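There are 2 protein chains.
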Amino acid sequence: MPILVVGSVALDTVETPFNRMDGVLGGAASYFTTAASIYDQVNLVGIVGSDFPREYLDFWRNRSVNLDGLQIQEGRTFHWHGRYHMDMNTRDTLDTQLGVFGDFHPVVPASYTQSPLVFLANIQPELQLEVLQQMPHAQLTVLDTMELWINTARDKLTEVIKQVDVLLMSEEEVRQYTNQSSILAAVRHFFTLGLKYVVVKLGSYGALLFGADGTYFSAPSYPLEEVVDPTGAGDSFAGGFLGYLSTIQADVSGRFSIDDIKRAVVHGNIIGSFTCADFGIGGLTGLSMDDIVKRYGELVRYSHFDPNWTPQGAH
Amino acid sequence: MPILVVGSVALDTVETPFNRMDGVLGGAASYFTTAASIYDQVNLVGIVGSDFPREYLDFWRNRSVNLDGLQIQEGRTFHWHGRYHMDMNTRDTLDTQLGVFGDFHPVVPASYTQSPLVFLANIQPELQLEVLQQMPHAQLTVLDTMELWINTARDKLTEVIKQVDVLLMSEEEVRQYTNQSSILAAVRHFFTLGLKYVVVKLGSYGALLFGADGTYFSAPSYPLEEVVDPTGAGDSFAGGFLGYLSTIQADVSGRFSIDDIKRAVVHGNIIGSFTCADFGIGGLTGLSMDDIVKRYGELVRYSHFDPNWTPQGAH
């Protein structure tokens with residue numbers, strides 16, 4: 142089933158200790174769209190400037206991405222310039238140019254309104270709310286955000302959290318929003334806001350899934366020899382998570398089973414690992430369902446252990 | 142089967158942001174012994190001073206710990222004073238008093254030499270070598286160490302690594318010893334030194350098991366509401382790891398199966414979690430096999446997911 146996504150589409154400059162690329166396709170919605178379109182149709186809501194390369198639009202059209210909701214406006218596309226430190230876990234933002242994104246208000250085309258799945262990728266909470274208001278019949282709504290909005294738009298962000306089903310946050314963001322050092326205590330706070338699931342992203346350590354029903358699930362990360370470029374890993378995680386859910390039939394009430402949600406988290410980790418292993422969206426462009434199946438099987442082998450142990454030999 | 146352990150036995154002063162305790166039982170061998178004696182007999186090699194409280198000796202004797210190899214010498218017991226930061230992940234050593242430990246040379250009593258399992262807890266690599274030389278018939282030898290020896294006794298430590306089967310190291314120690322940022326590359330280096338297994342301890346993120354045969358296993362951590370005192374968590378991990386192995390029958394060549402080793406890592410994480418949830422050895426003293434069985438079952442539920450997914454619904 143089609144997934145609606147709203148978020149930033151950007152032209153990035155990314156520097157790692159070993160590389161630098163200018164004008165590459167970036168932004169949360171770009172990573173999400175490229176990732177989720179491996180699974181099913183993506184309906185993209187966003188804005189780009191007149192400088193946005195036609196080849197990127199063609200690339201998405203060829204992946205059955207619907208671009209009816211992508212506004213193309215006179216002016217420059219949103220630009221982000223970041224530089225990673227040696228450990229590849231921390232980065233500095235050297236420059237941000239809003240361009241046409243500065244006056245952006247998302248408009249959901251009629252052709253999108255039947256999308257059962259909605260992903261609010263990282264943008265201003267206010268714009269996320271505008272999309273939610275245009276999608277009153279969504280079956281499952283998933284929210285991502287970033288440190289900036291926790292600091293500068295906390296009330297609006299809280300409004301969005303109260304209206305969605307699933308929150309994706311990094312461990313640091315969870316601590317920052319809740320001011321709790323205990324993740325378990327922090328997650329309990331989130332459930333008082335009405336969420337059904339909280340996914341805590343642990344970077345190279347995998348991800349934790351918490352359910353309002355008490356479910357706890359620790360999903361292993363896929364081991365990588367080297368992290369080439371972690372930009373977009375979280376957006377790609379969301380792409381795997383919602384992309385997987387788009388391929389299965391929810392029950393009549395629009396509910397997914399807890400096993401569906403667990404598998405979705407595993408898919409998130411898998412897609413995130415492909416993104417990290419190459420520069421920009423390079424790890425996603427040639428990716429096939431077979432590649433995902435292979436890594437899924439590896440993760441089963443890498444993380445499952447004898448479920449039936451009892452201490453017969455113990456004294 | 143009995144497990145021989147050599148390491149420090151200490152009287153600690155531990156400060157956390159919320160607590161302070163003086164003269165509590167500490168040291169790597171103390172945590173290991175207390176943990177592993179839940180499973181089977183432990184043969185302790187170490188040294189204490191004449192100030193060492195008799196009640197601790199009685200406590201161990203009641204847990205079928207053999208103290209024939211624990212030297213009691215006129216003078217003061219090794220003393221460590223540490224203070225944890227607010228995040229409970231980092232700590233400062235405020236004071237170390239070697240006491241009788243300064244002139245210690247381990248002597249393995251005849252009654253210990255048939256121990257098939259040997260744990261070299263964290264002490265000077267030179268002393269670890271002295272014990273290995275006295276245990277030529279050990280079936281499985283396991284090594285722990287710390288940053289101090291990587292910095293000050295690297296060559297001796299490398300000698301020990303070359304003579305043991307299993308290395309336990311924290312992620313930071315692995316990076317520090319190998320000067321590699323990639324854990325996978327670092328572990329390959331360790332296998333060139335002859336190790337059979339490397340266990341990379343990730344603290345609250347669990348542990349990774351690497352086998353020289355290519356095995357990779359990611360073991361989940363047990364989720365804790367609060368870390369009360371992480372002192373001895375790594376030693377307790379080793380106690381669960383070797384304690385579990387002591388309860389099973391290795392094949393005639395003394396080899397454990399890879400499933401044995403995986404279960405051992407899970408036991409390590411479980412025992413480490415009990416230690417972190419209380420002050421000092423408090424989390425271990427009342428621990429029963431039933432408690433361990435319960436947490437083992439929880440970890441299965443917390444980490445296993447559908448092993449049979451295939452993308453039938455995907456287009």
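Protein chains in written order, with the working numbering: chain A, 142 to 456; chain B, 142 to 456.
Here a beta-carbon is modelled for each residue, glycine too, at the ideal position from N, C-alpha and C.
None of the values given here were measured: they were computed from a predicted structure.
Chain-ordered chain A contacts of residue i [CB-CB under 8 Å]
i	result
Y437(B)	W450
F358(B)	Y443, S444 and F446
P257(B)	In chain order: nothing, as chain A lies at least about 14 Å away.
E196(B)	Ordered by position in chain A, no residue passes the 8 Å Cβ test against E196(B), which lies about 24 Å from the chain.
DSSP state of residue i mapped onto helix, strand, coil
i	result
L383(A)	helix
K297(A)	helix
V341(A)	strand
G454(B)	Confidence is the limiting factor: at G454(B) the pLDDT is only 49, short of 50, which leaves the residue's position unreliable, though a coordinate-based value still follows. Note: G454(B) maps to coil in three-state DSSP.
D233(B)	strand
M430(B)	helix
Y225(A)	strand
G421(A)	coil
N292(B)	helix
M142(A)	coil
F260(B)	strand
F446(B)	coil
V307(B)	strand
G413(B)	helix
V147(A)	strand
G243(B)	helix
V272(B)	helix
L440(A)	helix
V465(B)	Since the first residue shown for chain B is 142 and the last is 456, residue 465(B) is missing from the structure and cannot be characterised.
V406(A)	helix
V99(B)	Absent from the structure is residue 99(B), since the part of chain B shown begins at 142 and ends at 456.
A391(B)	coil
F397(A)	coil
T372(B)	coil
T175(B)	helix
E196(B)	helix
V328(A)	helix
Interface residues of chain B facing residue i [CB-CB closer than 8 Å]
i	result
K403(A)	F446 and D447
D228(A)	S322
F400(A)	With the sequence shown as reference, residue 400(A) is identified as Asp, and Phe is not the correct amino acid for it. What D400(A) touches in chain B: F446 and D447.
Residue i - partner residues in DSSP beta bridges
i	result
H220(A)	L152(A) and Q238(A)
V315(B)	V315(B) pairs with nothing; no bridge assigned.
N160(B)	T157(B)
Y357(A)	F351(A)
Q212(A)	I188(A)
L281(A)	L258(A)
G167(A)	A151(A)
Rounded Cβ spacing between residue i and residue j (contact assumed at less than 8 Å)
i	j	result
V301(A)	Q269(A)	5 Å
V307(A)	Y338(A)	4 Å
S149(B)	F219(B)	6 Å
G210(B)	N184(B)	6 Å
I291(B)	V147(B)	Going by Cβ atoms, the distance from I291(B) to V147(B) rounds to 19 Å, so no, they are not a contact pair.
G380(B)	I411(B)	Wrong, their Cβ atoms sit about 11 Å apart, outside the cutoff.
A348(B)	F332(B)	Between F332(B) and A348(B) the Cβ distance is about 18 Å, and since that is not below 8 Å, they are no contact.
V305(B)	V283(B)	7 Å
C417(A)	P364(A)	Not confirmed; about 11 Å, so no contact.
L428(B)	I144(B)	Their Cβ separation, rounded to whole angstroms, is 17 Å, which puts L428(B) and I144(B) out of contact at 8 Å.
G216(A)	G190(A)	5 Å
P452(A)	T299(B)	The Cβ separation is near 37 Å, so there is no contact.
Within chain A, the residues that residue i reaches when beta carbons sit closer than 9 Å
i	result
D392(B)	Those within 9 Å of D392(B) in chain A number zero; the least Cβ separation is about 14 Å.
Within chain B, partners of residue i - CB distance below 7 Å
i	result
P364(A)	L325 and Y357
E462(A)	What is shown of chain A runs 142 to 456, which leaves residue 462(A) out entirely.
P143(A)	The contacting residues do not exist; P143(A) stays about 11 Å from chain B at best.
Beta-carbon neighbours of residue i, restricted to chain A and to distances below 7 Å
i	result
V434(B)	T451 and P452
D370(B)	Correct list: empty, because the minimum Cβ distance to chain A is about 15 Å.
Neighbour flag for residue i against chain E, beta carbons, 8 Å
i	result
V407(A)	As a matter of chain content, chain E is missing from the structure shown, whose protein chains are A and B.
heavy atom of the ligand GTP below 7 Å from residue i C-beta
i	result
N184(B)	With respect to the ligand GTP, the structure shown offers nothing to examine, as it has no ligands at all.
| Three or more beta-carbon pairs under 8 Å between the stretch 172 to 183 of chain B and the stretch 375 to 385 of chain B, yes or no? | yes
| message | Measuring CB atoms only, is the stretch 197 to 211 of chain B touching the stretch 436 to 450 of chain A, in the sense that at least three cross pairs come out at less than 8 Å? | response | no
| Are the stretch 150 to 159 of chain A and the stretch 355 to 364 of chain A touching, with three or more C-beta to C-beta distances below 8 Å? | no
| message | So, does the stretch 391 to 407 of chain A touch the stretch 322 to 334 of chain A, judging by three or more C-beta pairs under 8 Å? | response | no
| query | Is there contact here, the stretch 418 to 428 of chain B with the stretch 331 to 345 of chain A, by at least three beta-carbon pairs under 8 Å? | reply | no
| request: Answer yes if the stretch 255 to 272 of chain B comes into contact with the stretch 212 to 228 of chain B, meaning at least three C-beta pairs across the two stretches below 8 Å, and no otherwise. | output: no
| query | Are there three or more Cβ pairs, one per stretch, closer than 8 Å when the stretch 399 to 418 of chain A is compared with the stretch 246 to 263 of chain A? | reply | no
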